[in-house]
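Read in order, the letters of the sequence shown are residues 96 to 210 in the working numbering.
For reference, the structure discussed in these notes is given below.
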Amino acid sequence: QVQLVESGGGLVQAGGSLRLSCAASRSDFSINPMGWYRQAPGKQRELVAIMDISGTTNYANSVKGRFTISRDNAKNTVHLQMNSLKPEDTAIYYCYCNKFGRDYWGQGTQVTVSS
Numbered sequence: 096q097v098q099l100v101e102s103g104g105g106l107v108q109a110g111g112s113l114r115l116s117c118a119a120s121r122s123d124f125s126i127n128p129m130g131w132y133r134q135a136p137g138k139q140r141e142l143v144a145i146m147d148i149s150g151t152t153n154y155a156n157s158v159k160g161r162f163t164i165s166r167d168n169a170k171n172t173v174h175l176q177m178n179s180l181k182p183e184d185t186a187i188y189y190c191y192c193n194k195f196g197r198d199y200w201g202q203g204t205q206v207t208v209s210s
């Protein structure tokens, strides 16, 4: 079992920045990959950014150049630096990881960007 705990969401004006953090319940090098998804009201959950243990990243086209994912493998933490936020980034952001083929999700943290 893996528990993921997120922090860092909130309300910000358009153009502002937020940093999300997520910590896994224990240090475990079998957790791979780790990343972030989001779900806006009335929409499906979508990938935001993800990083595997080798450092390979994948970003949604809509956030490329604005968001940066980082990961500390030893601590099993993952962060999402979000810059130049737009109202369309408003969503619940979920931390995600996979361990031995099983998906794990955090409880979600709300990000609201006002225009």
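Quick reminder that beta carbons are idealized off the backbone N, C-alpha and C, glycines included.
Residues in the same chain with beta-carbon distance under 6 angstroms from A169, minus the five sequence neighbours each way, listed in chain order, please.
Counting only Cβ-Cβ distances below 6 angstroms, and skipping sequence neighbours, we find nothing.
What residue does the beta strand (DSSP E) around I148 start on, and which one ends it?
First-last for I148: undefined, no H or E at that position.
Could you tell me the distance, in whole angstroms, from the CA atom of S116 to the CA atom of G150?
Rounded to the nearest angstrom, the two C-alpha atoms are 17 angstroms apart.
Looking at C-alpha atoms only, which residue of K181, Q108 and T172 is the closest neighbour of G160?
Among K181, Q108 and T172, the Cα nearest to that of G160 belongs to K181.
Measure the alpha-carbon distance for L175 versus G105 and round it to whole angstroms.
About 13 angstroms.
Please go through the same chain and pick out, in chain order, the residues whose beta-carbon is closer than 6 angstroms to the beta-carbon of S102, but skip the five residues on each side of it.
S116, listed in sequence order.
Among the residues of its own chain, which have a CB less than 7 angstroms from the CB of G201, if the five just before and after it don't count?
Closer than 7 angstroms at Cβ, skipping near neighbours: L99, V100, E101, C117, Y189 and C190.
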